[in-house]
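*Asks:* Residue numbers (the working numbering): 207 to 476. No residue lacks a Cβ here, since even glycine has one placed at the ideal position from N, Cα and C. The structure presented is a predicted model; accordingly, all values stated were derived computationally and were not measured. Quick one: the structure is below, and I'll ask about it shortly.
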């Protein structure tokens with residue numbers, strides 16, 4: 207029997223509701239007088255506010271995801287495989303954003319870990335079990351969750367510094383602050399490299415999310431020369447991994463779709 211758009215209708219409706227809950231939580235934090243992206247806790251890893259514009263792209267792509275679920279090919283991935291993990295992710299992310307916006311930074315860090323875990327599980331399912339069969343799979347399944355996974359990796363690190371790091375407005379960057387900032391930047395750049403080598407063609411969107419955040423940190427962190435120039439060095443390295451991913455995508459496009467075994471498609475991150 208052919209798939210009907212009403213198959214799994216309860217989950218489809220829940221996906222729509224939780225998507226708009228998630229979207230609304232982010233819109234509120236931007237539009238509210240508090241303006242968390244401009245007036246949050248200032249740490250020595252805080253990126254420029256434009257780094258958070260990546261949320262807009264993720265939301266647009268996920269809107270395509272919740273529409274794509276009504277088509278047979280979308281249902282097989284989003285409803286049958288991702289299943290209730292998507293609404294769980296949307297609810298967790300909404301709670302995280304609101305805790306962050308109200309400056310409950312330690313609780314926000316804990317929620318960021320849960321969000322990262324939920325995204326990682328979806329990312330693993332998509333990459334391991336559902337190679338893209340058509341353009342819609344690329345745009346509305348692989349692309350949003352690759353970006354999402356890379357970006358939540360950044361958010362976990364940023365949230366850790368907001369929860370436990372010093373306030374850059376009234377405290378200088380001591381030795382330990384510099385050590386932890388350097389390690390955080392190294393971790394992010396290394397994660398971009400891991401994405402680039404996770405499959406033969408790499409994961410370009412996830413690498414871009416990491417590189418984007420590193421350049422935003424470099425642009426914003428001007429009060430500490432050590433942080434500023436360290437961020438620049440790691441940003442340049444991250445661009446190398448972005449270029450590697452772009453090359454892999456280009457060669458895949460020229461040579462046709464690469465057939466990969468399940469073991470080869472399993473992501474290295476998460």
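If contacts are defined as beta-carbon pairs under 8 Å, then residue 390 and residue 363 qualify, I think. What distance do you get, rounded to the angstrom?
*Replies:* About 5 Å; that satisfies the 8 Å criterion.
*Asks:* Run through DSSP, which three-state label would residue 373 get?
*Replies:* Correct three-state label for residue 373: coil.
*Asks:* Residue 335: buried (16+ other C-beta within 10 angstroms of its C-beta) or exposed?
*Replies:* When all chains shown are included, residue 335 counts as exposed.
*Asks:* Since residue 394 contacts residue 448 with CB under 8 Å, what's their CB separation in whole angstroms?
*Replies:* Not quite, the Cβ-Cβ distance comes to about 13 Å (not below 8 Å), so this is no contact.
*Asks:* For the candidate residues 399, 374, 398, whose alpha-carbon lies nearest to that of residue 387?
*Replies:* Ranking 399, 374, 398 by Cα distance to residue 387 puts 374 first.
*Asks:* Specify, as a first and last residue, the run of the alpha helix (DSSP H) that residue 303 falls within.
*Replies:* Element bounds for residue 303: 291 to 307.
*Asks:* Here's the rule I'm using: 16 or more other beta-carbon atoms within 10 Å means buried, otherwise exposed. How should residue 221 be labelled?
*Replies:* Buried, because 16 or more other Cβ atoms sit within 10 Å of the Cβ of residue 221.
*Asks:* Taking the Cβ atom as the reference point for each residue, do residue 321 and residue 298 lie within a distance shorter than 9 Å?
*Replies:* Yes, the pair counts as a contact, with Cβ atoms nearer than the cut-off.
*Asks:* Using 8 Å as the cut-off, can you tell me whether the segment 289 to 304 makes contact with the segment 215 to 229, which would need three or more C-beta pairs spanning the two stretches below that distance?
*Replies:* They touch, by the three-pair rule.
*Asks:* Tell me which same chain residues have a C-beta within less than 7 Å of the C-beta of residue 450, skipping the five on either side of it?
*Replies:* Closer than 7 Å at the Cβ level, and outside the excluded window around residue 450, lie 402, 408.
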